[in-house]
Amino acid sequence: MALDQYQDEEEEGMSFLDHLEALRWHLLRSVSAILILSVAAFVAKSFVFGVVILGPSKVDFVTYRWLCNVSDYFGITALCIDELPFTIQSRQMTGQFTMHMTSSFVVGFIAAFPFVFWEIWRFISPGLYDQERNAARGAVFFVSLLFFLGAAFGYYILSPLSINFLSNYQLDPSILNEFDITSYISTLTMLVLASAIMFQLPVVVYFLAMSGLVSSAMLKAYRRHAIVVILVLSAIITPPDVISQVLIAMPILVLYEAGIQIAKRLEKKRAIKEAEEEARDAMGD
72 MALDQYQDEE EEGMSFLDHL EALRWHLLRS VSAILILSVA AFVAKSFVFG VVILGPSKVD
132 FVTYRWLCNV SDYFGITALC IDELPFTIQS RQMTGQFTMH MTSSFVVGFI AAFPFVFWEI
192 WRFISPGLYD QERNAARGAV FFVSLLFFLG AAFGYYILSP LSINFLSNYQ LDPSILNEFD
252 ITSYISTLTM LVLASAIMFQ LPVVVYFLAM SGLVSSAMLK AYRRHAIVVI LVLSAIITPP
312 DVISQVLIAM PILVLYEAGI QIAKRLEKKR AIKEAEEEAR DAMGD
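Those letters in the sequence shown? Residues 72 to 356, per my numbering, in order.
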C-alpha cells in the first residue's frame with residue numbers, strides 16, 4: 072500500500088493501528104476456517120485416512136487402475152502397477168495420534184485455502200489503485216483454481232508414481248521396505264503442497280509483468296536458465312527418480328510458457344492504452 076494512500080485513509084479515520092486491527096480480524100477468520108475444517112477432517116478419520124491419505128499406498132487407487140487399463144489397451148505390461156511391496160508402521164507410541172493431528176491440519180488448510188486467500192485479498196485490495204484492482208479482478212478464483220490443480224496433480228500423478236518407485240527400490244532383497252507413518256505422510260504432504268505452490272507460477276508472472284518488473288522478452292531470454300532452475304527444484308521436491316522429476320517439471324515448463332503469453336498480453340494492452348492516451352493528448356493539443 073502506497074504511503075499517500077495510508078495518509079488519505081488516516082485522514083478518513085483509518086490509522087495504522089486500525090490497519091493492524093483489520094489484519095488481526097482477517098487472520099482470526101482465516102485461522103478459524105482452517106481449525107473448523109481441521110476438526111471436520113479429524114472427526115472423519117476413516118475417510119480422510121482410509122480413502123484419501125492412504126489411497127496412494129493401495130493397488131486399487133484410481134491412478135494405478137488407470138495405468139493398468141492403459142497397459143491392457145496398449146499391451147505394455149510394465150505400465151500396470153499391481154503390487155506395492157511395502158508396509159506402513161508406527162514405531163513411536165504417539166506416532167499415529169501425532170500424524171492424525173498433523174494430517175487433519177494439512178487437509179483443513181488445503182480445503183480452506185480459497186477462503187484464506189480471499190481474506191488476505193480483502194485486506195490487500197483496498198490499498199491498490201482502481202487500475203490495479205481492476206487488472207487483478209478474479210485473482211481469488213484463479214489462484215484457488217491453480218492451487219487445487221497443482222494439489223490434484225501432486226496427489227493423483229506425482230505421489231502414486233513416487234510411492235511406487237520408492238516402494239520397489241531395494242539395495243538388497245534381504246532389506247524389507249517398512250515405512251514409518253510419519254515418513255509416508257510427510258512425503259505425501261510435501262509432494263502435494265509443493266505441486267500446489269509451483270502451479271502458482273502464472274499468477275506470479277502476471278503480477279510481476281503488471282508491475283513492470285518482468286517482460287515477455289526477459290522471460291524468453293532467460294528460458295534456458297528457467298529450465299535449469301525448474302529441473303533443480305523438481306529434483307529437490309521429488310524422490311530421486313527421473314520419472315517423477317520430469318513429471319513435475321513438464322507442467323511447470325508449460326506454465327512458464329503460459330506466463331510468457333500472459334506477459335505478452337499485458338504488454339499489448341499497455342501499448343494500446345498508451346497509444347489511446349497519446350491520441351487523446353494530440354487531439355487536445
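We treat Cβ as the ideally placed atom computed from N, Cα and C, and that holds for glycine. Since the structure is predicted, the reported quantities are computational estimates derived from the model, not experimental observations.
Alpha carbon to alpha carbon, how far is residue i from residue j?
| i | j | result |
| --- | --- | --- |
| aspartate 143 | tyrosine 135 | 12 Å |
| valine 133 | valine 313 | 23 Å |
| glutamine 163 | valine 300 | 38 Å |
| alanine 334 | glutamate 190 | 27 Å |
| glutamate 345 | serine 254 | 55 Å |
| tyrosine 327 | serine 266 | 14 Å |
| serine 109 | leucine 125 | 18 Å |
| isoleucine 307 | alanine 350 | 52 Å |
| leucine 91 | leucine 98 | 10 Å |
Whose CA, out of the options, lies closest to the CA of residue i?
| i | options | result |
| --- | --- | --- |
| lysine 291 | Gly330, Ile152, Trp137, Val178 | Gly330 |
| methionine 269 | Val214, Phe145, Gly166 | Val214 |
| glycine 225 | Glu249, Met261, Phe250 | Met261 |
| arginine 95 | Phe186, Pro185, Phe194, Ala320 | Phe194 |
| serine 230 | Arg295, Phe218, Val263 | Val263 |
Taking C-beta to C-beta, are residue i and residue j nearer than 8 Å?
| i | j | result |
| --- | --- | --- |
| alanine 288 | alanine 183 | no |
| lysine 116 | histidine 171 | yes |
| leucine 259 | proline 156 | no |
| glutamine 252 | glutamine 160 | As written in the sequence, residue 252 is isoleucine, which differs from the glutamine given in the question. For isoleucine 252 and glutamine 160, yes; Cβs fall inside 8 Å. |
| leucine 232 | leucine 302 | no |
| serine 101 | valine 187 | yes |
Would you call residue i buried or exposed, if buried means 16 or more other Cβ atoms sit within 10 Å of its Cβ?
| i | result |
| --- | --- |
| alanine 222 | buried |
| isoleucine 181 | buried |
| alanine 342 | exposed |
| phenylalanine 120 | buried |
| leucine 237 | buried |
| glutamine 78 | Note on glutamine 78: pLDDT 44, under 50, position unreliable in the model; the coordinate value appears next. Answer is exposed; the Cβ neighbour count stays below 16. |
| serine 245 | exposed |
Inside the segment 112-150 only - alpha helix (DSSP H) runs reaching at least 4 residues
133-145
Can you list the beta strand (DSSP E) stretches of 3 or more residues lying completely in the segment 206-289, in chain order?
249-251
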